[in-house]
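Participant: Chains as they are written, first to last, in the working numbering: chain A, 1 to 495; chain B, 496 to 740. No residue lacks a Cβ here, since even glycine has one placed at the ideal position from N, Cα and C. Below is the structure I would like to discuss, written out as structure tokens.
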Amino acid sequence: MTTPRATFLGMPPFPTAARAALADTQLRSNLAHATGTIRAKRAAVMGELADWEGLRQQAARIKDETLAQLDTHLLDLEAALTTRGARVHWAPDAAAACAIVAQIAQGHGIREIVKVKSMATQEIQLNEALAACGIRAWESDLAELIVQLGDDLPSHILVPAIHRNRSEIREIFRTRMAAAGRPAPEDLTDDPAALAGAARLHLREKFLATRMAVSGANFAVAESGTLVVVESEGNGRMCLTLPEILVSVVGIEKVVPTWADLDAFLTLLPRSATGERMNPYTSMWSGITPGDGPQEVHVVLLDNGRTRALADRFARQALRCIRCSACLNVCPVYERVGGHAYGSVYPGPIGAIINPLLKGVGTDTATDALPYASTLCGACADVCPVAIDIPGILVHLRAAGVDAHRGNQPPSAEGLAMRAAAWGLADATRLARGERVSSLVGRLPGGRGMPGGRRALSWLPWPGSRWTQARDLPVPPAESFRAWWRRVGRHEESS
Amino acid sequence: MSTCLGDAMFPDAVRATVRLLRRLGVRVDVPEGQTCCGQPMVNTGYLDEAVPLVRNVITAFAGYDHIVVPSGSCAGSVRHQHALVAARSGDAALAAAVARTAPRTLELSEFLIDVLGVIDVGASFPHRVTYHPTCHSLRMLRVGDRPTRLLAAVRGIDLVPLPGAQECCGFGGTFAVKNSETSVAMGSDKAAQVRSTGAEVLVAGDNSCLMHIGGLLSRQRAGIRTMHLAEVLAATDEDPGGGSS
């Protein structure tokens, strides 16, 4: 098997990557179908809740209060975990977290591990780091398995193989499964049940043969040191119970103080994510239970930019995120381009804010392009189960990006254009002067007729070509409103 | 508020707004000192550049009872973004002035229904029409069904629902050029939905979105024209265009 090219580093900025994705008609069709279906399911089950707005405000409040005293809650979590036999590790960044997991495996002479679907371990690129140490990490979530076997990248937080169709999946299983373990049956069809059956047999051998599992956690309850994993397939339950050693990599924002606090989230998460009232498997464990399940339990508490995000008093609300993907499914930009164009394991609207917040603004062009990967239509904020003001944070991060480059020499073309526009628009006399010039253009002959009779331009030189390559532009009117108002409008009377 | 785009590119829509309001007995002035609300700068991240524009809005519109805007996004900018710009300027007097101006600023359909209390504005428009509820009207201002209630009361109109109406058209200000391919992909899907209705006219409350969808429809030779909500509401048997000069 080839080494997965899971690093997103070096991917082009969003506009370029999006252009390539838009040309993939299979992707467009898959995304429109999948996001449309899940949007409808989500809307239906949310409609059942008596007070969904109240519930999401409650969830937001719990997260905000927890984040405001994160240090205390994390120490409580550590204490409770330690009391129950777990070993807690603190990882300031991805490299530290990967090293901790690798050392645990190497300490036991382990060369293979199984994984529960986990965004945190993808964020830190754990599989690649372990591979560099000679340890093979096997994904056990069906879609993650498809992505891993296909030497591919995830394109959605919840359904990472959303860009693949079933005949592609059959091909991946037929050609790649054997190198990873039990091969796919010779007569494998693209029937979904047959594909799931092949994955089940392949994975079952891994669950039984592997001594160590790595997971993330959806929530970590501080009062009892309990980690929570919410899943649909049962593969997670296998990983969390069968191996001898369990290592969980948990972002520090996953902590909730009490079991009572969990209530709102366990109602909101499945409904927001898959459009189900309740997810099929919810696993909870608190350290070690003697004689039952893993007898060595580690928890790696991961920062990796979270305290940087926390320092931003307005945008820290992004750390409320429970990774449900409702914002992806409702986003018209995501629906057209898919997840790869965002160049991160966190795509879509949440990716457009969380990546710059974790990595910092003003350091690399790909990250700085993400807050602009949105029309600010606001659909994401309307469905967010923890009420993150995503459009507000997008504008906030755009401003941070602009500010980071203020004073650059030479200034950017956009910066100059914005300054010139602001100067021309700051004073009505200047604007009127500009309109007199544009109305002269409007009096020139030429242009083609638009429906309704107005004339239009179909071609402009760059950068106007960015508009006219697919859209006509009305020719400026021969008289601006301002000129008409002075000539006629202000003298007309109310009827 | 004529809006910079309405003033420079879509005078018919602003003219229609003035005539409609006058027909309903409103004393209308269009302050000549006004320019632009600053939304293009704010949404692109240039907050400092927007400060003089916000100041200019405050100065130009001082002393009026209501500020009526034939644009959901410009009204949204005044109501929801000017405070951000004022806070950035560090000028407490500006922040206070913004706080006084924002609540007086209403999108056209809000003013007609909430202030004037009219649904039937006395318009006549015997055409097949579909309506696109623009994102900032819908999700920033929450105008709800006000525009379609006004349209439904127009004499002779054949108002047909637009499938996927609440989905963004892909304009998005500088998004339309920064991410032009994605913008066009979204707009093409919107245009296809518009075409599926068999409507002759696409109506919306924002000239910017209409410029984008209309530009695509024109390029596709779809034979569907775009009109601002104000133009339809201003249309009468005597002045079928609503905003002709």
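(1) Can you name the residues of chain A whose CB is closer than 7 Å to the CB of L542(B)?
(2) Can you tell me which of the three DSSP states V509(B) falls into?
(3) Return the chain-ordered list of same chain residues with a C-beta closer than 7 Å to the C-beta of W498(A), the five sequence neighbours on each side being excluded.
(4) What's the C-alpha gap between T669(B) and P535(B)?
(5) Out of A588(B), P658(B) and G617(B), which one is the CA nearest neighbour of G651(B)?
(6) Classify S443(B): buried if its beta carbon has 16 or more other beta carbons within 10 angstroms, exposed otherwise.
(7) Report the rounded CA-to-CA distance for G392(A) versus I288(A), giving the unit in angstroms.
(8) For R634(B), count neighbouring Cβ atoms within 10 angstroms of its own Cβ and tell me buried if that reaches 16, exposed if not.
(9) Does A557(B) have its Cβ less than 8 Å from a Cβ in chain A?
(10) Measure the C-alpha to C-alpha separation of T175(A) and A32(A) and round it to an integer number of angstroms.
(11) For P154(A), count the other beta carbons within 10 Å of its own beta carbon; 16 or more makes it buried, fewer makes it exposed. Which is it?
(12) Would a C-beta distance cut-off of 8 Å place A686(B) and L712(B) closer than the cut-off?
(13) L242(A) and F207(A) look like a contact to me (Cβ under 8 Å); what is the Cβ gap, rounded to whole Å?
(14) Flag A6(A) as yes if its beta-carbon sits less than 8 Å from any beta-carbon of chain B, otherwise no.
(15) In chain order, what residues of the same chain lie with their CB nearer than 7 Å to the CB of A527(A), ignoring the 5 residues before and after it?
(16) Within its chain, find whatever has a CB closer than 7 Å to the CB of G496(A); leave out the 5 residues flanking it on each side and keep chain order.
(17) Let me make sure I understand the geometry here. Which of G351(A), T365(A) and V402(A) has the alpha-carbon closest to that of C380(A)?
(18) What residue does the alpha helix (DSSP H) around R147(A) start on, and which one ends it?
(19) Consider the Cβ of C630(B): report whether some Cβ of chain A lies at a distance smaller than 8 Å.
(20) Who are the near neighbours of W423(A) in its chain, counting only those whose CB is closer than 8 Å to its CB and skipping five residues on each side?
(21) At a CB-CB cut-off below 7 Å, which residues of chain A make contact with Q688(B)?
(22) Suppose the cutoff is 8 Å on Cβ atoms and the five residues either side in sequence are ignored; what does the same chain contact list for R448(A) look like?
(23) Which two residues bound the contiguous alpha helix (DSSP H) that contains W485(A)?
(24) Which residues in the same chain as G360(A) place their Cβ atom closer than 7 Å to its Cβ, once the five residues preceding and following it in sequence are excluded?
(25) Under 8 Å, Cβ to Cβ, is there at least one residue of chain A near A482(B)?
(26) Go through its chain and collect everything with a Cβ distance to P347(A)'s Cβ below 6 Å, but skip five positions before and after it.
(27) Is it right to say H108(A) is buried, meaning 16 or more other beta carbons lie within 10 angstroms of its own, or is it exposed?
(28) Give the range of the beta strand (DSSP E) segment to which V673(B) is assigned.
(29) Restricting to Cα atoms, I'd like to know which of H405(A), I388(A) and V383(A) is closest to R271(A).
(30) Counting only beta-carbon atoms, is E479(A) nearer than 8 Å to chain B?
(31) What does S438(A) touch in chain B if you count any residue whose Cβ is under 9 Å from its own?
(32) Check the Cβ-Cβ distances between L425(A) and every residue of chain B, and say whether any is below 8 Å.
(33) DSSP state of V255(A), grouped into three classes?
(34) Below 8 Å on the Cβ atoms is my guess for V116(A) versus L262(A); work out the distance and round it to an integer in Å.
(35) With V249(A) and L145(A) assumed to form a contact (beta carbons below 8 Å), what rounded beta-carbon distance in angstroms separates them?
(36) Using the Cα positions of S495(A) and L519(B), report the straight-line distance between them to the nearest angstrom.
Facilitator: In short:
(1) In the second sequence, the residue the question calls residue 542(B) occupies position 47. Ordered by position in chain A, the residues that pass the 7 Å Cβ test against L542(B) are A399.
(2) Working through the second sequence from its first residue, we reach residue 509(B) at position 14. If DSSP states are grouped into helix, strand and coil, V509(B) belongs with the helices.
(3) This structure gives no information on residue 498(A), because the portion of chain A shown stretches from 1 to 495.
(4) If you number the second sequence from 1, residue 669(B) lands on position 174. If you number the second sequence from 1, residue 535(B) lands on position 40. Near 7 Å, if we compare the C-alpha coordinates of P535(B) and T669(B).
(5) Position 156 of the second sequence holds residue 651(B). When only C-alpha atoms are compared, the closest one is G617(B).
(6) This structure leaves residue 443(B) out entirely; chain B is present only between 496 and 740.
(7) As a first step, residue 392(A) is located in the first sequence; it is residue number 392 there, counting from the start. As a first step, residue 288(A) is located in the first sequence; it is residue number 288 there, counting from the start. Cα to Cα, G392(A) sits roughly 43 Å from I288(A).
(8) Your numbering for residue 634(B) matches position 139 in the second sequence. Classification of R634(B): buried, given that the 10 Å Cβ count is 16 or more.
(9) Counted from its first residue, the second sequence places residue 557(B) at position 62. Not one chain A Cβ lies under 8 Å of A557(B).
(10) Residue mapping note: residue 175(A) aligns to position 175 of the first sequence, counting from 1. Residue mapping note: residue 32(A) aligns to position 32 of the first sequence, counting from 1. If you take the alpha carbons of T175(A) and A32(A), they lie about 28 Å apart.
(11) As a first step, residue 154(A) is located in the first sequence; it is residue number 154 there, counting from the start. It counts as buried.
(12) Within the second sequence, residue 686(B) is the residue found at index 191, counting from 1. Within the second sequence, residue 712(B) is the residue found at index 217, counting from 1. With contacts defined by Cβ atoms closer than 8 Å, A686(B) and L712(B) form a contacting pair.
(13) For the purposes of this step, residue 242(A) is identified with residue 242 of the first sequence, where counting begins at 1. For the purposes of this step, residue 207(A) is identified with residue 207 of the first sequence, where counting begins at 1. Correct: roughly 5 Å between the Cβ atoms.
(14) Taking the first sequence and counting its residues from 1, the one referred to as residue 6(A) is at position 6. Residue placement at A6(A) is flagged as unreliable, the pLDDT there being 37, under the threshold of 50; a coordinate-derived value is accordingly withheld.
(15) Past the boundaries of the shown model lies residue 527(A); chain A is included only from 1 to 495, so the question cannot be answered.
(16) Any property of residue 496(A) remains undetermined from this structure, which presents chain A solely from 1 to 495.
(17) Within the first sequence, residue 380(A) is the residue found at index 380, counting from 1. Closest by alpha carbon: G351(A).
(18) The residue you call residue 147(A) lines up with position 147 of the first sequence. According to the sequence as given, residue 147(A) is Val; it is not Arg. L142 to L149 is the extent of the alpha helix (DSSP H) around V147(A).
(19) Locating residue 630(B) in the second sequence gives position 135, where the first residue counts as 1. At a cut-off of 8 Å between beta-carbon atoms, C630(B) makes contact with chain A.
(20) Indexing the first sequence from 1 puts residue 423(A) at position 423. Contacts found: R430.
(21) Position 193 of the second sequence, counted from the first residue, corresponds to residue 688(B). Chain A residues near Q688(B): none, gap ~12 Å exceeds 7 Å.
(22) The residue labelled residue 448(A) in the question sits at position 448 within the first sequence. These residues qualify, in order along the chain: R455, A456, S458 and D472.
(23) The sequence position of residue 485(A) within the first sequence is 485, counting from 1. It spans F481 to R487 - the alpha helix (DSSP H) in which W485(A) sits, taken as one unbroken run.
(24) Here residue 360(A) refers to the residue found at position 360 of the first sequence. Listed in chain order, the non-local C-beta contacts of G360(A) below 7 Å within the same chain comprise R308, local neighbours out to five positions each way being set aside.
(25) Any property of residue 482(B) remains undetermined from this structure, which presents chain B solely from 496 to 740.
(26) As a first step, residue 347(A) is located in the first sequence; it is residue number 347 there, counting from the start. G339.
(27) Your numbering for residue 108(A) matches position 108 in the first sequence. When all chains shown are included, H108(A) counts as exposed.
(28) To locate residue 673(B), count along the second sequence from 1; it is residue 178. Residue 673(B) is actually Lys in this sequence, not Val. Careful: K673(B) lies outside any beta strand (DSSP E), inside the alpha helix (DSSP H) at F670 to K673.
(29) Working through the first sequence from its first residue, we reach residue 271(A) at position 271. Ranking H405(A), I388(A) and V383(A) by Cα distance to R271(A) puts V383(A) first.
(30) Indexing the first sequence from 1 puts residue 479(A) at position 479. Yes, E479(A) counts as interfacial toward chain B.
(31) The sequence position of residue 438(A) within the first sequence is 438, counting from 1. Ordered by position in chain B, the residues that pass the 9 Å Cβ test against S438(A) are A503 and M504.
(32) As a working mapping, residue 425(A) is identified with position 425 in the first sequence. Output row for L425(A): interface = yes.
(33) As a working mapping, residue 255(A) is identified with position 255 in the first sequence. Strand, per DSSP.
(34) On the first sequence, residue 116(A) is found 116 positions in, with the first residue counted as 1. On the first sequence, residue 262(A) is found 262 positions in, with the first residue counted as 1. Going by Cβ atoms, the distance from V116(A) to L262(A) rounds to 19 Å, so no, they are not a contact pair.
(35) Here residue 249(A) refers to the residue found at position 249 when the first sequence is read from its first residue. Here residue 145(A) refers to the residue found at position 145 when the first sequence is read from its first residue. At roughly 19 Å, the Cβ-Cβ gap does not stay under 8 Å, so V249(A) and L145(A) are not in contact.
(36) For this step, residue 495(A) is matched to residue 495 along the first sequence. For this step, residue 519(B) is matched to residue 24 along the second sequence. Bear in mind that the predicted position of S495(A) carries a pLDDT of just 48, short of 50, making it unreliable; the figure below should be weighed with that in mind. Within the model, the alpha-carbon separation for S495(A) versus L519(B) is close to 8 Å.
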